[in-house]
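Here's the structure, in structure tokens; my notes come after.
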Amino acid sequence: MNIPFGSRSEVMRAMTGFVEESVEKYLKPIETNWQPSDFLPDSKDQDDFFDRIKDIQQAAQGLSYDLLTILVGDTITEEALPSYESWLSRLEGIHEESESNPWKVWVRGWTAEENRHGDLLNKYLFLSGRVNMQEFEKSTQFLIADGFNIETGQDPYRNFIYTSFQELATNISHRRVATIAKQQGDPFLSKINGVVAADELRHAKAYMSFIKKIIEYDASEVMVAFDDMMRKKIVMPAHFLRETGMKVGGLWGHFTDAAQRTGVYTAIDYANILQDLVTEWDLEHITDLNEAGEKARDYLVKLPVRLLKISERMANPTSEYEFKWIGIRS
Ligand SMILES: [Fe+2]
Ligand SMILES: [Fe+2]
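Read in order, the letters of the sequence shown are residues -5 to 324 in the working numbering.
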């Protein structure tokens, strides 16, 4: 049953207790949570340190060009975390609250967990001996400086639909990199990507639970927000990706080509994620909607199958761009 709320802020305020529980349920205590140093060679241990670096570099030799490209792009996406934190902090129902408000606690705690992803993957890239670190660092700087526009405004509904989608997408991407890295003889890279992927799934569950709860208060508005997001298409956070000498966003298509070609993240995944969200939020059985809400729900319920049909007909990209991050394809 929908409770008539006047604004997004009121719904957000009504969820304060729920979010407080979510911090406990979905974020891990820092004292016991994993840290990059749990996996990386210990530079204090002189006997072991250089041997481990040698092992890492040897295994990295077997990684394909496309896989390395995706790994660098994924790492840059993680490293642009300042953009994501500042954008979540600006949302209606969050920005006006005090620093001790559970929504603010959530945003900071989520950021702390996410911060380890870039740290771990960045250090791996440095140790691997396969990456032009300065080009990687410049791309990271560009992406943070260029920012992003996911067209959600300050609306918490649109943003939590977005983060639900996005956390599921990053889970898939890191998980697939883990699988392929193992196949290409790099169990260490496989392991660290698996650890990151597990975080993303836990975060996805949290954001999906936020929307599920908001539906209890304001279902019609959630439907309309979701409908709007899907018509605009979910834009990935690194869509402004570029390398030196390029215009904003110039590298994005080459990066997604590599992801599509290797099967790390494809148009079929996009359709499947949408289906997962439609199922998770049980859209089909949501009634008691206003006219706009009903129209949006009907559109959303049918959309995954439509998108899947289109994506199955898509040809695999063949262009093999040479990224400055890595250099000549050999
Ligand atoms: Fe992440
Ligand atoms: Fe994440």
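Note that the Cβ used here is the ideal one computed from N, Cα and C, for glycine as well. Everything numeric in this text was worked out from a predicted model, so none of it was measured.
- Closest option to phenylalanine 159, judged by alpha-carbon separation, among Lys185, Gln135, Lys199, Gln178: Lys199.
- The alpha carbon of glycine 188 has as its nearest neighbour, out of Thr173, Arg196, Ile209, Tyr211, the alpha carbon of Thr173.
- In the structure shown, arginine 236 falls within a coil segment according to DSSP collapsed to helix, strand and coil.
- Just measuring C-alpha positions, the residue of Glu93, His89, Met9, Asp60 sitting nearest arginine 323 is Asp60.
- Short note on threonine 105: C-beta not closer than 7 Å to any heavy atom of ligand 1.
- By the CB criterion at 8 Å, glutamate 73 and threonine 146 fall outside the cutoff.
- No heavy atom of ligand 1 is found nearer than 7 Å to the CB of glutamate 314.
- If the five residues before and after tyrosine 118 are omitted, its C-beta is found closer than 7 Å to the C-beta atoms of Leu183, Ile186, all from its own chain and listed in chain order.
- Here the segment 282 to 289 lies against the segment 207 to 218, with 3 or more beta-carbon pairs under 8 Å apart.
- Annotation: the continuous alpha helix (DSSP H) that includes glutamate 161 extends over 150 to 177.
- Boundaries of the alpha helix (DSSP H) around lysine 117: 96 to 122.
- Between valine 171 and aspartate 68, the beta carbon gap of about 7 Å places them in contact (Cβ cut-off 8 Å).
- Annotation for histidine 89: no alpha helix (DSSP H) segment contains it, and DSSP assigns it neither H nor E.
- The alpha-carbon separation between alanine 261 and glutamate 4 amounts to approximately 36 Å.
- With contacts defined as CB atoms closer than 8 Å, proline 30 and leucine 137 fail to qualify as a contacting pair.
- In this structure, DSSP gives proline 23 a state outside helix and strand, which the three-state scheme calls coil.
- Note that the C-beta distance between arginine 300 and leucine 277 is not below 8 Å.
- Judged by their CB atoms, alanine 8 and tyrosine 211 are nearer to each other than the 8 Å cut-off.
- Using a cutoff of 7 Å, the CB of threonine 69 does not count as near ligand 1, since none of the ligand's heavy atoms is closer than that.
- At the C-beta level, glutamate 107 and aspartate 149 stay beyond 8 Å of one another.
- In the DSSP assignment, aspartate 251 falls within the unbroken alpha helix (DSSP H) covering 246 to 256.
- Taking the C-beta atoms as reference points, alanine 191 is found nearer than 8 Å to asparagine 165.
- Lysine 38 and glycine 56 have their C-alpha atoms spaced approximately 28 Å apart.
- Uninterrupted alpha helix (DSSP H) stretches at least 4 residues long and entirely within the segment 279 to 313 occur at 285 to 306, given in chain order.
- Of the heavy atoms belonging to ligand 1, at least one sits nearer than 7 Å to the Cβ of histidine 111.
- Taking all protein chains shown into account, arginine 2 has 16 or more neighbouring C-beta atoms within 10 Å of its C-beta and is therefore buried.
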